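Undergrad: Going down the list, the protein sequences come from chains L and V. In terms of the working numbering, the first sequence opens at residue 228 and continues consecutively. In terms of the working numbering, the second sequence opens at residue 228 and continues consecutively. We put the CB at the ideal spot given by N, CA and C, even for glycine. Predicted model only: the values in this text are computed from it and were never measured. The following block contains the structure, expressed as structure tokens.
2 protein chains.
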Amino acid sequence: MPELRQDPVTGCWVIVAKERSKRPYDFIQRQSNSAQICPFEYGNESMTPPETLAFRPDGLPADSPDWIVRVVPNKFAAFTPENFEETSDGLFKSRKAYGAHEVVIHGPDHNLNLATYPVAQTVEVLKAYKMRYNFHKSQPYGKYIQIIINHGKEAGASLEHSHSQIFAMPLIPQLPKSQLEGAADYYVKTGRCVYCDMIESEIDNGTRFIDRTENFIVFVPYAAKLPFETWILPVHHRPRFEAITDSERDELADVFRQTLRRFYNGLSNPPLNMYLHTSPPGYEGVESYHWHMTIIPKLTIAAGFELGTNMWINVTIPEQAAEFLRNVMS
Amino acid sequence: MPELRQDPVTGCWVIVAKERSKRPYDFIQRQSNSAQICPFEYGNESMTPPETLAFRPDGLPADSPDWIVRVVPNKFAAFTPENFEETSDGLFKSRKAYGAHEVVIHGPDHNLNLATYPVAQTVEVLKAYKMRYNFHKSQPYGKYIQIIINHGKEAGASLEHSHSQIFAMPLIPQLPKSQLEGAADYYVKTGRCVYCDMIESEIDNGTRFIDRTENFIVFVPYAAKLPFETWILPVHHRPRFEAITDSERDELADVFRQTLRRFYNGLSNPPLNMYLHTSPPGYEGVESYHWHMTIIPKLTIAAGFELGTNMWINVTIPEQAAEFLRNVMS
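Here it is in structure tokens:
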């Protein structure tokens with residue numbers, strides 16, 4: 228099973244995913260098998276582990292076709308729900324990678340994705356996010372839950388069929404940890420949520436603004452780390468994604484789809500990544516943290532500089548990216 | 228000119244490189260121009276900015292052919308040596324990206340690289356690293372200097388001709404900062420350098436060991452973040468790369484080349500990145516930090532999970548990667 232290893236210098240944990248493991252020789256021939264049978268289509272349900280959630284007409288059995296959205300454990304999981312165990316060999320600490328890793332299949336059609344399905348499909352996907360988030364939150368490993376989308380091979384999708392992934396784990400990773408800490412510091416200094424202040428500034432300023440509805444706003448952040456990085460946030464202070472109401476969820480589905488359509492139409496269906504940051508399950512500083520989605524098309528390559536420094540070089544000016552996306556017919 | 232923008236939440240700085248800037252429409256057609264004239268070959272010296280260093284036979288003028296190794300400012304610089312200036316607009320802080328960004332051209336032959344040139348060429352490259360490091364160290368912007376290699380298009384090289392890059396900047400980025408802090412904490416707790424302790428453990432343990440000479444050791448680190456991540460370190464405590472002696476440098480050239488040959492031969496000349504971490508110029512905790520080179524072949528794609536968490540999933544077990552590299556005929 229996969230394990231977590233702690234970097235003896237920085238203290239950060241790395242996942243060594245033996246289940247997904249490639250043996251050294253696997254890399255020598257770097258070719259893809261494109262003619263494989265897709266395990267995410269109707270009739271191929273037995274190719275995945277048994278589903279953990281599916282929306283389908285009443286009366287139909289689990290793991291049968293005719294579902295609308297289907298959630299299954301990842302066959303090559305980075306986290307697995309077995310018991311936690313820490314081992315230490317002097318400098319070197321490891322833990323079993325205790326947690327869960329699931330796939331949310333966005334719909335049955337191999338040729339559609341969240342930019343091209345009708346919006347009703349996005350509503351079902353968000354419903355699945357919330358239900359599975361709440362499930363993992365209740366589990367002993369549920370200290371942090373990361374929902375992501377990898378769309379397109381160049382953005383790391385190993386299967387073409389449109390899907391999200393949910394990772395639930397027993398620790399808070401470096402980036403969300405430093406966001407929580409930074410936001411908490413800001414709150415101590417100002418008595419305000421830094422995301423609420425950013426939203427206010429972006430509305431006033433307007434140069435990085437893309438879209439808004441009553442309850443959601445879309446903009447390119449001031450210090451975007453990559454070209455066309457785009458955030459979707461609730462306009463009003465909302466620390467927890469899983470507390471979203473049904474009407475907010477339906478509104479989000481529409482804003483999320485429209486934003487994906489800006490990328491799809493403006494940048495010719497680019498490979499892209501999405502990740503959702505929200506207050507972790509046990510987190511108490513909810514007055515300072517504000518959930519948000521980040522969408523980043525995969526247009527450039529993070530290379531030696533980024534790997535060696537964790538500092539990003541963005542080759543597109545955020546204001547120009549926003550202007551471009553604002554003007555795309557979505 | 229390029230600017231640094233501070234993330235209002237994490238405090239990390241991002242480089243917005245207007246000089247390298249791609250306008251939104253540049254991304255729509257994602258094709259490469261492979262038939263371009265190479266600015267790094269003999270006779271094309273005028274295609275680069277004037278050189279800042281070159282090794283060539285005595286008596287030949289600057290920016291003429293027949294050089295052995297040549298260093299020039301990057302034409303699309305991420306940092307430029309103009310005056311520092313900070314601006315602040317409420318939440319949003321920016322600075323000019325004050326510093327330097329240079330290219331070290333490894334040699335004149337378009338078809339060779341540091342794995343295939345004779346070792347004498349690597350000696351000259353390391354000599355250039357040291358001289359330029361010392362130059363930038365003496366400049367007012369020289370708070371941190373990052374030397375890297377991007378080899379191959381998939382590893383982010385925009386030009387095919389073998390080269391390194393040197394970035395000099397007025398601040399210490401997140402990753403080296405957290406390494407310096409982690410190593411200093413370890414020193415406070417144990418009175419020892421964590422890298423020295425790692426070296427001892429890797430020699431004892433042997434499963435991640437690849438190679439060693441009198442003064443250098445090569446191994447896959449315990450918590451390698453990516454497949455085949457490999458470190459080269461001085462065996463004895465050495466905080467500063469730029470303090471390397473001539474005989475250590477010649478020995479390093481040989482070890483570095485042999486290591487690159489393991490990748491070249493074992494993984495069919497993979498795209499790869501190298502970065503060199505060393506105590507920053509003004510850093511005083513030199514008893515706790517130990518310079519090292521990291522080499523990572525580009526075999527996988529960092530996707531939504533890594534972007535959203537800054538946590539890595541390594542799909543190759545470090546001990547298997549080391550065994551493979553140990554047994555390659557270099």
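Would you call the segment 275-294 of chain V and the segment 313-320 of chain V touching, i.e. three or more CB-CB distances under 8 angstroms?
TA: With the cut-off at 8 angstroms, the segment 275-294 of chain V and the segment 313-320 of chain V do not touch.
Undergrad: Hey, does Phe446 (chain L) have any beta-carbon neighbour from chain V nearer than 9 angstroms?
TA: Phe446 (chain L) does not count as touching chain V.
Undergrad: Is the segment 326-339 of chain L touching the segment 384-394 of chain L, taking contact as three or more C-beta pairs under 8 angstroms?
TA: Yes, the segment 326-339 of chain L touches the segment 384-394 of chain L.
Undergrad: Tell me whether the beta-carbon of Met538 (chain L) lies closer than 9 angstroms to the beta-carbon of Pro507 (chain V).
TA: No, the Cβ-Cβ distance between Met538 (chain L) and Pro507 (chain V) is not below 9 angstroms.
Undergrad: Could you check whether the Cβ of Gly535 (chain V) sits closer than 9 angstroms to any Cβ belonging to chain L?
TA: Closer than 9 angstroms to some Cβ of chain L, the Cβ of Gly535 (chain V) qualifies, so yes.
Undergrad: Could you give the DSSP three-state label for Arg359 (chain V): helix, strand or coil?
TA: Residue state, collapsed to three classes: helix.
Undergrad: What residues of chain V sit near Asp438 (chain L), judged by a beta carbon separation below 8 angstroms?
TA: By Cβ distance, chain V contributes nothing, its closest Cβ being about 17 angstroms from Asp438 (chain L), past 8 angstroms.
Undergrad: What residue range does the beta strand (DSSP E) around Ala410 (chain L) cover?
TA: Counting along the chain, Ala410 (chain L) falls outside any beta strand (DSSP E), though it belongs to the alpha helix (DSSP H) covering Gln401 to Thr417.
Undergrad: In chain order, which continuous runs of the alpha helix (DSSP H) of length 4 or greater are located wholly inside the segment 287-374 of chain L?
TA: If we require 4 residues or more, the alpha helix (DSSP H) runs fully inside the segment 287-374 of chain L come out as 346-364.
Undergrad: Going by the DSSP bridge assignment, what does Asn377 (chain L) pair with across the sheet?
TA: DSSP output for Asn377 (chain L) lists L:Asn500 as bridge partner(s).
Undergrad: Of all the CB atoms in chain V, is at least one closer than 9 angstroms to the CB of Trp458 (chain L)?
TA: Chain V, which has no Cβ nearer than 9 angstroms to the Cβ of Trp458 (chain L), makes this no.
Undergrad: Which runs of the alpha helix (DSSP H) spanning at least 4 residues fall entirely within the segment 521-545 of chain V, listed in chain order?
TA: 531-536, all fully within the segment 521-545 of chain V.
Undergrad: Taking C-beta pairs closer than 9 angstroms, name the residues in chain V that Pro545 (chain L) reaches, listed in chain order.
TA: Here the neighbours are Arg232 and Val243.
Undergrad: I need the DSSP call for Ser515 (chain V), collapsed to helix, strand or coil.
TA: In this structure, Ser515 (chain V) counts as coil in the three-state DSSP scheme.
Undergrad: Report the partner residues of Leu460 (chain L) according to the DSSP bridge assignment.
TA: Per DSSP, L:Ile444.
Undergrad: Could you check whether Arg297 (chain V) and Ile264 (chain V) sit closer than 9 angstroms to each other, using their CB atoms as the reference points?
TA: Their beta carbons are not under 9 angstroms apart, which means Ile264 (chain V) does not touch Arg297 (chain V) by this criterion.
Undergrad: Please list the residues of the segment 414-434 of chain L that have a C-beta atom closer than 8 angstroms to any C-beta atom in chain V, keeping them in chain order.
TA: Answer set for the segment 414-434 of chain L: Val421, Tyr422, Asp424, Met425 and Ser428.
Undergrad: His464 (chain L) and His504 (chain L): beta carbons closer than 9 angstroms?
TA: No. Outside cutoff.
Undergrad: In terms of residues, what are the limits of the beta strand (DSSP E) holding Arg465 (chain V)?
TA: Premise fails: Arg465 (chain V) is in no beta strand (DSSP E) and is neither H nor E.
Undergrad: Suppose the cutoff is 7 angstroms on Cβ atoms and the five residues either side in sequence are ignored; what does the same chain contact list for Pro276 (chain V) look like?
TA: Correct list, in chain order: Val299, Pro300 and Lys302.
Undergrad: Residues of chain L with a CB under 7 angstroms from the CB of Pro288 (chain V): which are they?
TA: Correct list: empty, because the minimum Cβ distance to chain L is about 32 angstroms.
Undergrad: Note down the Cα distance separating Met520 (chain L) from Met501 (chain L), rounded to an integer number of angstroms.
TA: Taking the straight line from one Cα to the other gives about 7 angstroms.
Undergrad: Taking only heavy atoms of the ligand GDP into account, decide whether any of them is closer than 8 angstroms to the Cβ of Leu280 (chain L).
TA: Although the ligand GDP was asked about, the structure shown includes no ligands whatsoever.
Undergrad: If contact is defined by three or more beta carbon pairs under 8 angstroms, each pair taking one atom from either stretch, is the segment 422-440 of chain V in contact with the segment 550-557 of chain V?
TA: Segments in contact, yes.
Undergrad: Report all residues from its chain with a CB closer than 6 angstroms to the CB of Val233 (chain V); omit the five preceding and five following residues, and keep chain order.
TA: First, the residue type needs correcting, since residue 233 (chain V) is Gln and not Val in the sequence shown. Once the five neighbours on either side are set aside, the close Cβ partners of Gln233 (chain V) are Trp240 and Lys320.
Undergrad: Where Ala305 (chain V) and Gln366 (chain L) are concerned, what is the direct C-alpha to C-alpha distance, given to the nearest angstrom?
TA: Their backbone Cα atoms lie some 45 angstroms apart in a straight line.
Undergrad: Are the CB atoms of Leu526 (chain V) and His378 (chain V) within a distance shorter than 9 angstroms?
TA: No; because the gap between Cβ atoms is not below 9 angstroms, this pair is not in contact.
Undergrad: Output the distance between the C-alpha atoms of Phe446 (chain L) and Asp336 (chain V), rounded to the nearest integer angstrom.
TA: Approximately 46 angstroms between the Cα atoms of the pair.
Undergrad: May I ask you to report which of helix, strand or coil DSSP gives Gln392 (chain L)?
TA: Gln392 (chain L) falls in the strand class under three-state DSSP.
Undergrad: Flag Val330 (chain V) as yes if its beta-carbon sits less than 9 angstroms from any beta-carbon of chain L, otherwise no.
TA: No - not a single Cβ of chain L is within 9 angstroms of the one on Val330 (chain V).
Undergrad: According to the Cβ coordinates, are Thr279 (chain L) and Arg359 (chain L) closer than 9 angstroms?
TA: Yes, these two residues count as a Cβ contact at 9 angstroms.
Undergrad: Under 9 angstroms, Cβ to Cβ, is there at least one residue of chain V near Asn377 (chain L)?
TA: Chain V contact via Cβ: present.
Undergrad: Please classify Ala347 (chain L) as buried or exposed, where buried requires at least 16 neighbouring CB atoms within 10 angstroms.
TA: That one is exposed.
Undergrad: Answer yes or no: does any C-beta atom of chain V fall closer than 9 angstroms to that of Val236 (chain L)?
TA: True, the Cβ-Cβ gap to chain V drops below 9 angstroms.
Undergrad: What residues in the segment 489-513 of chain V bring their beta carbon closer than 8 angstroms to a beta carbon of chain L?
TA: Going along the segment 489-513 of chain V in chain order, one finds Gly493, Leu494, Ser495, Pro497, Asn500, Met501, Tyr502, Leu503 and His504 with a Cβ nearer than 8 angstroms to chain L.
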